[in-house]
Every structure is written in structure tokens, then in C-alpha cells.
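Protein chains: 2
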Amino acid sequence: MEQIPKILSWRNMLVLSLALNFSLVLRILNGDGEERDSWDRTASVSIWPTTASGSSSLSSASCNYSKIEEDDDRIINLQLGDPTVYERYWQEMGDVTTMVIPGWQSLSYLSDKNNLCWFLEPELGKEIIRVHKVVGNAVTQDRFIVVGTGSTQLYQAALYALSPHDDSGPINVVSAAPYYSSYPLITDCLKSGLYRWGGDAMAYKEEIPYIELVTSPNNPDGFLRQPVVNRSKGVLIHDLAYYWPQYTPIISAADHDVMLFTVSKSTGHAGMRIGWALVKDRETAEKMTDYIELNTIGVSKDSQLRAAKVLKVVSDSCGNETAKSFFDHSYDVMSERWKLLKQAVKSSKRFTVPDFASQRCNFFGKVFEAQPAFAWFKCEEGILDCERFLREEKKILTKSGKHFGDEQSYVRISMLDRDTNFNIFIHRISSSFNSTI
Amino acid sequence: MEQIPKILSWRNMLVLSLALNFSLVLRILNGDGEERDSWDRTASVSIWPTTASGSSSLSSASCNYSKIEEDDDRIINLQLGDPTVYERYWQEMGDVTTMVIPGWQSLSYLSDKNNLCWFLEPELGKEIIRVHKVVGNAVTQDRFIVVGTGSTQLYQAALYALSPHDDSGPINVVSAAPYYSSYPLITDCLKSGLYRWGGDAMAYKEEIPYIELVTSPNNPDGFLRQPVVNRSKGVLIHDLAYYWPQYTPIISAADHDVMLFTVSKSTGHAGMRIGWALVKDRETAEKMTDYIELNTIGVSKDSQLRAAKVLKVVSDSCGNETAKSFFDHSYDVMSERWKLLKQAVKSSKRFTVPDFASQRCNFFGKVFEAQPAFAWFKCEEGILDCERFLREEKKILTKSGKHFGDEQSYVRISMLDRDTNFNIFIHRISSSFNSTI
Numbered sequence: 328m329e330q331i332p333k334i335l336s337w338r339n340m341l342v343l344s345l346a347l348n349f350s351l352v353l354r355i356l357n358g359d360g361e362e363r364d365s366w367d368r369t370a371s372v373s374i375w376p377t378t379a380s381g382s383s384s385l386s387s388a389s390c391n392y393s394k395i396e397e398d399d400d401r402i403i404n405l406q407l408g409d410p411t412v413y414e415r416y417w418q419e420m421g422d423v424t425t426m427v428i429p430g431w432q433s434l435s436y437l438s439d440k441n442n443l444c445w446f447l448e449p450e451l452g453k454e455i456i457r458v459h460k461v462v463g464n465a466v467t468q469d470r471f472i473v474v475g476t477g478s479t480q481l482y483q484a485a486l487y488a489l490s491p492h493d494d495s496g497p498i499n500v501v502s503a504a505p506y507y508s509s510y511p512l513i514t515d516c517l518k519s520g521l522y523r524w525g526g527d528a529m530a531y532k533e534e535i536p537y538i539e540l541v542t543s544p545n546n547p548d549g550f551l552r553q554p555v556v557n558r559s560k561g562v563l564i565h566d567l568a569y570y571w572p573q574y575t576p577i578i579s580a581a582d583h584d585v586m587l588f589t590v591s592k593s594t595g596h597a598g599m600r601i602g603w604a605l606v607k608d609r610e611t612a613e614k615m616t617d618y619i620e621l622n623t624i625g626v627s628k629d630s631q632l633r634a635a636k637v638l639k640v641v642s643d644s645c646g647n648e649t650a651k652s653f654f655d656h657s658y659d660v661m662s663e664r665w666k667l668l669k670q671a672v673k674s675s676k677r678f679t680v681p682d683f684a685s686q687r688c689n690f691f692g693k694v695f696e697a698q699p700a701f702a703w704f705k706c707e708e709g710i711l712d713c714e715r716f717l718r719e720e721k722k723i724l725t726k727s728g729k730h731f732g733d734e735q736s737y738v739r740i741s742m743l744d745r746d747t748n749f750n751i752f753i754h755r756i757s758s759s760f761n762s763t764i
Numbered sequence: 328m329e330q331i332p333k334i335l336s337w338r339n340m341l342v343l344s345l346a347l348n349f350s351l352v353l354r355i356l357n358g359d360g361e362e363r364d365s366w367d368r369t370a371s372v373s374i375w376p377t378t379a380s381g382s383s384s385l386s387s388a389s390c391n392y393s394k395i396e397e398d399d400d401r402i403i404n405l406q407l408g409d410p411t412v413y414e415r416y417w418q419e420m421g422d423v424t425t426m427v428i429p430g431w432q433s434l435s436y437l438s439d440k441n442n443l444c445w446f447l448e449p450e451l452g453k454e455i456i457r458v459h460k461v462v463g464n465a466v467t468q469d470r471f472i473v474v475g476t477g478s479t480q481l482y483q484a485a486l487y488a489l490s491p492h493d494d495s496g497p498i499n500v501v502s503a504a505p506y507y508s509s510y511p512l513i514t515d516c517l518k519s520g521l522y523r524w525g526g527d528a529m530a531y532k533e534e535i536p537y538i539e540l541v542t543s544p545n546n547p548d549g550f551l552r553q554p555v556v557n558r559s560k561g562v563l564i565h566d567l568a569y570y571w572p573q574y575t576p577i578i579s580a581a582d583h584d585v586m587l588f589t590v591s592k593s594t595g596h597a598g599m600r601i602g603w604a605l606v607k608d609r610e611t612a613e614k615m616t617d618y619i620e621l622n623t624i625g626v627s628k629d630s631q632l633r634a635a636k637v638l639k640v641v642s643d644s645c646g647n648e649t650a651k652s653f654f655d656h657s658y659d660v661m662s663e664r665w666k667l668l669k670q671a672v673k674s675s676k677r678f679t680v681p682d683f684a685s686q687r688c689n690f691f692g693k694v695f696e697a698q699p700a701f702a703w704f705k706c707e708e709g710i711l712d713c714e715r716f717l718r719e720e721k722k723i724l725t726k727s728g729k730h731f732g733d734e735q736s737y738v739r740i741s742m743l744d745r746d747t748n749f750n751i752f753i754h755r756i757s758s759s760f761n762s763t764i
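In the order they appear, the protein sequences are chains A and B.
Just remember that this note's numbering sits 327 ahead of the position in the first sequence, which is counted from 1.
Just remember that this note's numbering sits 327 ahead of the position in the second sequence, which is counted from 1.
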């Protein structure tokens, strides 16, 4: 017991020392003696930004959206769901999520040889369970966790695990349109004899085994979803990448056989390439693990450890009464963006976006409408090819509805880009902006 | 120009500050006031360990192999090529390879949107070229670099890129036996319509297109290899994971169409899951990039940045005349291990290992025999199932020759485990040790 105060004192010194590092790194990167922006100033202080503090901009939802740096010639690319909107939050958090990795770490392939998923870092497993408990968006009890190089790899691992490996031929994989545009491409890219893309689940009439993908909230349109085929020979994969309270009310803890999540959309760290599956059945989890072993012999340990740290900070922030939590901040950002989008769409009269029902969110304890990561955006007034119209007339790159099994009058637009790009997007669709080309 | 001394002075402070961090982390991890082992002592000093310094153990090849901590009941698992032998070097190097990653890094999926391989971190690309120039083991000029989640993913990317995508049916993939045991499993796991495992290249007689894998030095037997089919309709993938000077003389800079490398075997950082391909043809490189986009939407940025740092330290160490380079150290370790293995095998009379011809290594400027990462180990005296014999009689787990397309009298044994396990292995095969079970 004697030693505790001593260790604590070393830890305190470590925090100070890390802070010193950080300020020095920033000084070197930015040069010396110049003005810093807000995240730079806070970076050397290892405390939660409080709403009472004037030095933090996290108390406001986002940047000043009325300040638009328009440049008529600039092409705005909102095709991908690149989650750079979250950069500012993590910058403002300073060094609480800074990771120090010594050179002798991550030499072994193995993370935990006693775990079914032997390449899962125990710390990440712990923080996955904790964040789901804090948010209440998924049941983790009696579930196996399989980590993947993003949820994309886990989708393929689930297909491998759930397909029959006998000679019955490839199983049909279906999802209700509009469905995530990458599903058909990933499913069919290797012409697998285990599975094949079967198209729109609403049109599926066969009485043979199938796999149905249920993406909820759905990519691209943001609606919560249920399975639609509902036949006896079906198995389900639930892609819950967007089932987080910044995007949609958390109405209950999801409780399905195979559930996929990713840090890309929850915390915004897409470049880490870390996803996880919560799996009820041991054999399915084992086969998913086998697939990832064959495909990439495990998953980056460095990114797993970073993901664990980021998820810990997210969970910690939810219990911190003096600071703005990650979800408070990201909810506010998405709320403000959707408010601006709806206003712009309404004023333009040429476009529409979906209407969402208000539901009670168990996490926030309040009622609100979905505010998805993508806008499923429709061109009206006889504009048949919305992607082309936005590209040619507004210089905005989007993804056509045809890739999602829907009409070309729809496009998917990322709502997760940086403030500057989002501002220009809103300006261009609400104004009489036309391309100068 | 005035600012340079100022920035340098901040950099110097940063080095000191990082060193302070490090010593504090180690203090916390190890408790306080206790004796430290050699890497712990040196960890807070950010300098190259010199051969003249008594405080570094890198001047000797390895631990004292004569000091064996035998425990008759302990099972020694040498099935995998887990490269933990390199841990000690990186521990001794202290904090020169320590990575500090702030929380707002790695949010975007993109690394370099102007590069063909848009998810390759530019710093890693630069260090890959540099290390090949320093070692002289591969031509990098006019090559595209594609990064992968280990070379395993790149092998699949190459199959995807080199297979015909028309209706001609799956192309045969062959490799001369003994071949890497994972090749058939990876190739056939999804029953792809693009490619299929075609077995031993030596037995391949068909006149239709094929892909031949040339693993050189070969896994499992360590020999340098050339293609064996040599027909007009073949394309080649060269797996050069082990073409580094600690394992084999570097006889020339490899100059092939598709060459695969990985940090797992070059620097020992298997847990990073970072590999790279050097690709001559643009279209092949584009298709490999497409596969990795479909499979995992890129590769962990955190591990790419760490890999860049580790490769930089390796290259720097080669030009450092006062210190022992990474390859000097790892060559000495492998040399000593092979000397001990050959002695043990000779004294036992029950086992054999391959004989390698001496060749001149351009990197070291000296002549030596291959000292591979695996021993292709043969049981003699009528022991038909060598894997079973070693498991039951010596409590050593190995991988049977049958998995490599060869006889069961052979096993593959990892030479890359930690000193303790290697010592016990040598002790058990050279002595009259028998299981007590």
C-alpha cells in the first residue's frame, strides 16, 4: 500500500512530461512565436475542455456556418463518407488520446492466445464492451468479439462464416434497396463459389437459403431497418456502423446474431481501419476469425491499441459532468448541419431530403429525429440525373442513386466532411450558384 | 535561416522530453527502485548503442545460449514464424523508434489522393525505397508501391490483379513443393471463380495460362528459387519476404514484375500487419489497389507510420559506423542459432537440416551460407511422422511437411522465437530428453 502514492507521483510526472512533449512537437511543427488556433493552444493541457472555459470552442456545436469561404471554381467532393468532421473534436481534446508506442511493441502476431479471436487486443475488447454499455446501443453479454480491418473485412468474414461450404453452390446475399453501394462489389469481386450478390431483398422470392444484410441506420438513406425477406432459410448480418446517438435515437440495445461496428463512423477514426463484430454463436465467431487469419493474419495491433484509447476517452467523456461529451458534441454538429441542409433544400425548391419520425433516445433521454451521416438527396423538377446535375451545375461530387439499386434522381451526399466543404455545399444548393465552366 | 538554430533547440528539448517520458513509463510499468535488465537501463537514453559501450548487449550476438532454463513439462511451440527474436534489439534501441500519435491523426481514409495507391502514407513509400537502396535487395526505380495489411493481403491482391476476369474460368496457381502451407488455403478459401490452387509447380504440365509463385528464399526450406514452369502463358508473383541479409546472401537486386515484402520478417514487427508490393506494371498496381480498397478500404495509417519510422531507423543504423546495425545484429543472431542447430543435429544423428552453398553477399561484402528463418528439419532413422515424434517425445510443436506438399518425415521449425524457447529446443533435440508424460 505504501507504494501507491509513489507510483501516482510518477504518473503525475508522466502526464506533465507527455504534455511537455506535445507542446514541443506542436512548436516544431508550427514554427515558433506564431499565433496558434484554438486546438493548438489547448493541446498541451491534459484536461477535459469544460463548457465554462472560454478557451474551448466545443461549447458551441461547430464553426460559424455563416462564414463561407466560397470559391466558385473549387470542386467539392462529397462522394465518400470520410469522417473528417470529427477532427476538430479530437484536436480540442488535446493529448488525452495521444498514443505513445515503443519500438519493441507489436512484434508478435498474437494478442491473446487464450481468446477465440487470438489477434484481439484485450484492452480493445474491454473498451468495446464498455462503450456499448455506456451508450446502450448493443447487447454484449455472452457475445464473442471479433476484430477486423474495418467492418468491411468483417462483412466478408461473416459471409465466409455463414455460407454453406458444401457443394450446394453460392448462397444469395440480399439487402433492401437502396443498399450500401459497396455490398454488391465486395460480394462478387472474387466470383466466390460460397456466396453471390442476390440484389434487392424486397424482390427476393426464392425458397432457398439466403443471407440478408440489414444496415440500420441504413447507408445511404438513414432509416432504421428490419429484415424484409423473413423466410425460414435466411440468416442475418446486421451492419450497425451508424447506430450511434449522434446519428439516430438509440431506441434499444440491438440484440442480433451478428452485429458489425466500426470506429470510422462512431469516433471518426477511419484511417485506423478498425471494426468489430459482436457474435452470438461460437462457431460463427470461430469461422470469422479463421477468415481474418487467412485474409490478413490478424489486425494491426497499433490501431487496436489506439482504438481502445479513443473508445476509453469517449466512454469517460460521457460520465464527465463538467465537460462536453463526444456524443454531445457530435450530436450538436449533426443537428446543426441537418437544420442548415433542410433550410437550404426548402429554400431551393429543387431538392428534397427524407423526413424522419421523432423517437425517444434512451442515451440522451430526449426525443429527436434522425440526423444521418449521409443525406439521401433527391433532385426534383424533372432533373433525372441528379449526380450529373450537381457535378455540372454546382461542382459538387456525389454518388448516384444507381449505385445503391435506386433511381438516378437520388444521390448520396456525405454529411461528415470538414466545415469549410460543408459550408460551400450548403451555400451552393441554397443559392442561385451556377458553374462558371 | 535564422530560425534553424531555434528549431533545432526545440528538437533537442523534445528528445530530452521524450526520453523523460520513456523512463517514467518504464518506472511505472516496472515499479520503482528495482533492478532493471539491460534494455530497461538503456531505454531512457536516445543514442545508438555502441559496440564499445559495456552497457549494451548488442555487441554480442544474443543471450547466453549455454544458459538453459529447461522445464521438462513445458511445451515449446515453434509452429508459427512469430519473429519475437527481434524484440531484444528493439528494446535495446530505446526510444529511437518510439511513435507518438495524437488523437486527431488517422481520421481520413485517404493518405495521398494523388498517388495511384491512395492509401499509402508518403513517408512509408519513401522509407521503403530507401531501405531497398541501402540493402540492395530489390529494384525500386520505375516501380509502383502498393501497401497491404501484411504481404498475405498483397498476395490476394496480386491474384485478383493477374487473373483473367472474363469467363475463361479460374486460373491455376502453382508453386514448387515444398511451398508455403498457407498458399493453398488462402487461394481456395472462397472457391473463387478467378483463381484456384493448382498444386506443385514441378508437376504442372498444362498448356493453359497459370500463375506461379516464387518464394525466394523459400518458406519452408530457405533455398533461393527461380521459376520452374517456364511456359509462355505464365505470370509470376515473387514472394521475397525473406530476401534480407540476416537470412541469406544478397546476391543481386531482385528485378521482377510483382515482388512482395513485409515488415514481419524484415524488421520483426509482425503485429503491425504491414507489407508492400513493388509492381512494374501500372494496370496491375491499380487492380491490386482496387482489391485492397474492396477488401479493407486501405491499410492502418498508424501502422504505416510506425513501419516508416522503424524502416528509417534500420536504414540509419546501416550508415552508423559507431553502432551495430540492425542487420549486423540479426545476422549474428541467426548465424549463432544455425551454428547451434547444426551442432545439435550432428550430435543427435537422428535429424538432418539442409546444406546451403556459400555465396557472396553484396550487402555485407562477405561470403556465407543461408541461415533461414525456418529450419526444414528431417527426422531420420525410420521416424516417418516427424511432427508427431517431436510433439510426443520432445514436446516441441512444429508444422508437418504434409502441409507444404512434402513428406511427413519433414517438419518446419521456426528459428525466430525468443532465446528461452530456442535454447530449450536445441537442448531437447541434442540431448536424450524424452517426454515425462
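All C-beta atoms in this analysis are idealised placements derived from N, C-alpha and C, irrespective of residue type, glycine included.
| request: Would you mind sorting VAL694/B into buried or exposed? The rule is 16 or more other CB atoms within 10 Å of its CB. | output: exposed
| query | Unbroken alpha helix (DSSP H) runs of length 4 or more, entirely within the region 683-764 of chain A: which are they? | reply | 713-721, 746-757
| field | Host beta strand (DSSP E) of THR425/B (start-end) | value | Counting along the chain, THR425/B falls outside any beta strand (DSSP E), and DSSP gives it neither H nor E.
| query | Excluding sequence positions up to five away, which residues of its chain have a Cβ less than 7 Å from the Cβ of LEU605/B? | reply | ALA465, THR467, ARG470, ILE472, MET586
| said: Pop quiz: THR310/B and THR623/B are said to be a contact at Cβ under 8 Å. What is the actual Cβ separation, rounded to whole angstroms? | reply: Within the shown structure, residues of chain B are numbered from 328 to 764, placing residue 310/B beyond reach of any answer.
| request: Spell out whether any CB of chain B is found under 8 Å from the CB atom of SER508/A. | output: no
| Got a sec: which bits of the region 612-633 of chain B sit with their beta carbon under 7 Å from any beta carbon on chain A, in order along the chain? | LEU621, ASN622, THR623, ILE624, GLY625, VAL626, SER627, LYS628, ASP629, SER630, ARG633
| query | Any chance the region 727-740 of chain A sits against the region 712-719 of chain A, with 3 or more Cβ pairs inside 8 Å? | reply | yes
| query | So which residues on chain A does TRP431/B lean against when the C-beta distance must stay under 7 Å? | reply | GLU414, TRP417, GLN418
| query | Using a Cβ cut-off of 7 Å, which residues of the region 400-414 of chain B contact any Cβ in chain A, in chain order? | reply | LEU407, ASP409, PRO410, THR411, TYR413, GLU414
| query | What are the complete alpha helix (DSSP H) segments, minimum 4 residues, inside the region 403-484 of chain A? | reply | 414-419, 449-462
| task | Kindly list, in the order they appear in chain B, the residues whose Cβ is closer than 7 Å to that of ILE498/A. | result | The contacting residues do not exist; ILE498/A stays about 12 Å from chain B at best.
| query | Closest to MET661/B by CA distance: which of ALA702/B, TYR507/B, ILE498/B, VAL423/B is it? | reply | ALA702/B
| task | Would you please verify whether the beta carbon of VAL637/B is less than 8 Å from any beta carbon of chain A? | result | yes
| request: Can you tell me which of ASN689/A, PHE550/A, TYR522/A puts its alpha carbon nearest to the alpha carbon of ALA580/A? | output: ASN689/A
| message | Taking beta-carbon pairs under 8 Å, can you tell me which members of the region 570-598 of chain A lie near chain B? | response | SER591, GLY595, HIS596, ALA597, GLY598
| task | Thinking ARG552/B and THR542/B are a contact (beta carbons under 8 Å), I'd like their distance in whole angstroms, please. | result | 6 Å
| message | Could you tell me the alpha carbon to alpha carbon distance between ASP765/A and LYS636/A, rounded to whole angstroms? | response | In this structure chain A extends from 328 to 764, so residue 765/A is not present and cannot be described.
| request: Look at the alpha carbon of PHE446/B and the alpha carbon of ALA684/A, and state the distance between them as a whole number of angstroms. | output: 38 Å
| field | Distance, PHE588/A Cα to TYR510/A Cα | value | 16 Å
| task | Would you verify that the beta carbon of GLN468/A is, or is not, closer than 8 Å to some beta carbon of chain B? | result | no
| said: Among the candidates SER519/A, ARG457/A, HIS596/A, whose CA atom is the shortest distance from the CA of ASP643/A? | reply: ARG457/A
| DSSP three-state call for THR616/A: helix, strand or coil? | helix
| task | Note down the Cα distance separating ILE455/B from LYS676/B, rounded to an integer number of angstroms. | result | 44 Å
| Along the chain, which unbroken stretches of the alpha helix (DSSP H) at least 4 residues long are found entirely within the region 563-615 of chain A? | 590-593
| Residue range of the alpha helix (DSSP H) that ILE513/B falls in? | 509-515
| message | Using a 10 Å radius around the Cβ and a threshold of 16 neighbouring Cβ atoms, would you call ASN545/A buried or exposed? | response | buried
| Amino acids of chain B, ordered along the chain, whose beta-carbon sits closer than 7 Å to that of THR747/A | Near THR747/A there are no residues of chain B at all, since even the closest Cβ is about 14 Å away, more than 7 Å.
| query | Quick one: is ALA530/B buried, meaning 16 or more other Cβ sit within 10 Å of its Cβ, or exposed? | reply | exposed
| query | Taking the beta strand (DSSP E) that SER502/A falls in, what are its first and last residues? | reply | 498-502
| request: Could you pull the start and end residues of the alpha helix (DSSP H) that GLY668/B belongs to? | output: Reading off the sequence, residue 668/B comes out as Leu, not Gly. Residues 653-675.
| In the structure shown, what three-state DSSP assignment does LEU551/A receive? | coil
| task | Along the beta strand (DSSP E) that carries LEU632/B, what are the first and last residues, could you check? | result | Unbroken run through LEU632/B is the alpha helix (DSSP H), 628-645; no beta strand (DSSP E).
| query | So, is ILE535/A buried or exposed, given that buried needs 16 or more other C-beta atoms within 10 angstroms? | reply | exposed
| message | Counting C-beta neighbours from all protein chains within 10 Å, is the total for SER502/B 16 or more, i.e. buried, or is it exposed? | response | buried
| beta strand (DSSP E) segment containing VAL541/A, residue limits | 537-542
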